[in-house]
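Peer 1: Protein chains in written order, with the working numbering: chain A, 20 to 387; chain B, -19 to 275. Below you'll find the structure I mean.
Dropping the structure here:
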């Protein structure tokens, strides 16, 4: 009986110690230190990133990695008010691509949760054997800034002086901008109806724009009303054209007789800068064999753009808009530095698309 | 000495005024008041009150009531301030019994114009695109319902001005006109009697016309520059108007939406082999340039 109690206490203590070890991340650390396979090495690295232990993650990299701690942290934690700074790593799915005795190539699919939804990032990482463990070779980061220089920017800005509300009835005021929906297409997608097209600011002043659509039954009564939310460029400069997409989840196309469109514009102060070039656009497959439209964004102004959103319109042979997709870029656009982007294209759309057009929405903390 | 009380009618108290009018009119059977049929707003006038002794006089108007003790046998002077609002008035005189009479106060001569000019911006050479509407008021802001002539004087930024007359019906005069072929500020002034009100409309360039660009090679890049971007009437599109350049070469497609600055739009592309470059402004397409990649 006496020995039974001692035995019980010893077992209980061991269980509690093991529990505390697990709680303190001992398993991850063990996995990282042991890293007996390339996949374990990548998984352990991503666990450290997920826990924001960037120093430990950096320490676990292979010595041939061409990066420093600051660059590594900036790349994974974000900087300059980019969307990555408002994100956290949710999951990292690891799959081996190639392996031999001393080197391996491992694909990792990272899913980041951000203030603007989840963001996917697929990377192929080289892993090298270092004695009994494997270590990730972190690639050299892309240059994040151009050499010091002066960029001259002659700002084009519009300011609005509204009517004084104390003035008499009939006093002079400025009208809202004139906008026009240049195309509209209603399509049926699995589980939803989608209204998409393009809208142009026909005026000579900037417009803050919202496009709404109401689906109508045969008797003219409304089924549902929705707005384009973030699938549009809300601020349109004079003669600028933006695609829009409005989703109606849970609505079937055969229930819809007609659609009522409504484009509302407000006159707002705006700036014509920054100009963001979209270069090297091409439709291709990503690492997960999905159809994507890839390219690079180049901020041609002199100050950073914190968050950028890519909006792409796809056209068929007849020039009709058949799909609109978007994607947020989680890096800040530093002046003159190309930043890659990729937006998904559904498989059936990719087979029919003949042409496409990309525009960029942007947000800068220091701008208007 | 006369004691006068004025009661201004806020809208919500008008019902109370009407009730008072009804009550006093019910008594008003014994004598007669001789009042003019119509009176001009803001002009004082007299009402003959026959008899002798003291009486109480009431004047009930659309937004105003006056109560006053008066001596019968002399004229009752109605102050100009008591008949500023146009509309139907009733004068009531009560001594041993009450008598009443109604009269109409009509708007005085035009003194104010409320002038609406729409839109505030209009593309050039657009027919029937400008609406001008003037509401004619007297100095007390009564709508002048009698026919009044309103002269619309149009002064473009360039060229001779002209005018059009319109007769106000029920206090409103209006006209429509075409925008002229030249951009710039157009002043429209509505004039009636000695009053005038000016508004400004901005005539702006219409859609781009004959959009053309030229390619200026520089190393392995090319600078694309439009000719001055103008509409079909020759007006320059304003700075800030977006022009889209699209280049397709072996690296894929590149696009830049750039604003016009100082009348032209300019952009630089790097080249990777033969390239096809196009330009557009809104829904207007410009010329295309083919480059063989050997600059």
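Glycine is no exception: its CB is placed at the ideal position from the N, C-alpha and C atoms.
1. May I have a chain-ordered list of the alpha helix (DSSP H) segments no shorter than 4 residues that lie completely inside the segment 51 to 83 of chain A?
2. Taking only heavy atoms of the ligand ADP into account, decide whether any of them is closer than 6 Å to the Cβ of residue 170/A.
3. Tell me which same chain residues have a C-beta within less than 6 Å of the C-beta of residue 342/A, skipping the five on either side of it?
4. Which bits of chain B does residue 191/A rub up against, with CB to CB less than 8 Å?
5. Any C-beta of chain B sitting closer than 7 Å to the C-beta of residue 243/A?
6. Kindly indicate which residue of 328/A, 222/A, 118/A and 352/A has the alpha-carbon position closest to the one of residue 252/A.
7. Taking all protein chains shown into account, decide if residue 232/A is buried (16 or more other Cβ within 10 angstroms of its Cβ) or exposed.
8. Using beta-carbon positions only, say whether residue 375/A and residue 285/A come within less than 7 Å of one another.
9. Do the CB positions of residue 254/A and residue 296/A come within less than 7 Å of each other?
10. Quick one: Cα of residue 68/B to Cα of residue 30/B, how far?
11. Rounded to whole angstroms, what's the CA-CA distance from residue 88/B to residue 20/B? Just pull it up for me.
12. Which of the residues in the segment 72 to 96 of chain B, read from start to end, lie with their CB under 9 Å from any CB of chain A?
13. Please list the segments of the beta strand (DSSP E) lying wholly inside the segment 169 to 229 of chain B, counting only runs of 3 or more residues, in order along the chain.
14. Does residue 285/A have its Cβ less than 7 Å from a Cβ in chain B?
15. In its own chain, which residues sit with a C-beta less than 6 Å from the C-beta of residue 116/A, not counting the 5 before and 5 after it?
16. Is the beta carbon of residue 169/A closer than 7 Å to that of residue 292/A?
17. Pick helix, strand or coil for residue 308/A, following the three-state DSSP scheme.
18. Should residue 178/A be flagged as near chain B, meaning a C-beta pair shorter than 7 Å?
19. Let me know if residue 325/A comes out buried or exposed under the rule of 16 or more other beta-carbons within 10 Å of its beta-carbon.
20. Out of 112/B, 271/B, 78/B and 270/B, which has the shortest C-alpha to C-alpha gap to residue 132/B?
21. Mind checking residue 306/B: buried by the 16 CB within 10 Å criterion, or exposed?
22. Using a Cβ-Cβ cut-off of less than 9 Å, list which residues of the segment 232 to 246 of chain B approach chain A; keep chain order.
23. Output yes if chain A places a C-beta closer than 7 Å to the C-beta of residue 6/B; else output no.
24. Using only alpha-carbon positions, find the residue among 140/A, 346/A, 380/A and 85/A that is nearest to residue 294/A.
25. By Cβ distance, which residues of its chain are closer than 6 Å to residue 32/B, with the 5 residues on each side in sequence left out?
26. What do you get for residue 258/A, buried or exposed, if any count of 16 or more other CB atoms within 10 angstroms of its CB means buried?
27. For residue 10/B, which residues from the same chain have a beta carbon less than 8 Å from its beta carbon, with the 5 sequence-adjacent residues on both sides left out?
28. What distance in whole Å lies between the Cβ atoms of residue 69/A and residue 102/A, which are believed to be in contact at a cut-off of 8 Å?
29. Got a sec: is the Cβ-Cβ distance from residue 122/A to anything in chain B below 7 Å?
30. Any idea which residues DSSP pairs residue 248/B with across the strands?
31. Tell whether a beta-carbon distance below 7 Å holds between residue 225/B and residue 236/B.
32. For residue 368/A, report the span of its alpha helix (DSSP H) as first-last.
Peer 2: The answer reads as follows:
1. 57 to 69 and 73 to 78
2. The model depicted lacks the ligand ADP and carries no ligand whatsoever.
3. 333 and 368
4. 97, 100, 179 and 180
5. no
6. 328/A
7. buried
8. no
9. no
10. 23 Å
11. 6 Å
12. 92, 93, 94, 95 and 96
13. 175 to 184, 193 to 198, 201 to 206 and 222 to 229
14. no
15. 124 and 126
16. no
17. coil
18. no
19. buried
20. 112/B
21. Because chain B is modelled from -19 through 275, residue 306/B falls outside the range shown and cannot be assessed.
22. 232, 233, 234, 235, 236, 237, 238, 239, 240, 241 and 242
23. Legend: pLDDT at residue 6/B = 44, less than 50; position of this residue unreliable, value from coordinates given subsequently. Not an interface residue.
24. 380/A
25. 52 and 53
26. buried
27. Here residue 10/B scores only 47 on pLDDT, less than 50, and its place in the model should not be relied on; the value that follows carries that caveat. Hits under 8 Å: 76, 77, 78 and 79.
28. With a Cβ gap of about 17 Å, residue 102/A and residue 69/A do not count as contacting.
29. no
30. 203/B
31. yes
32. 366 to 371
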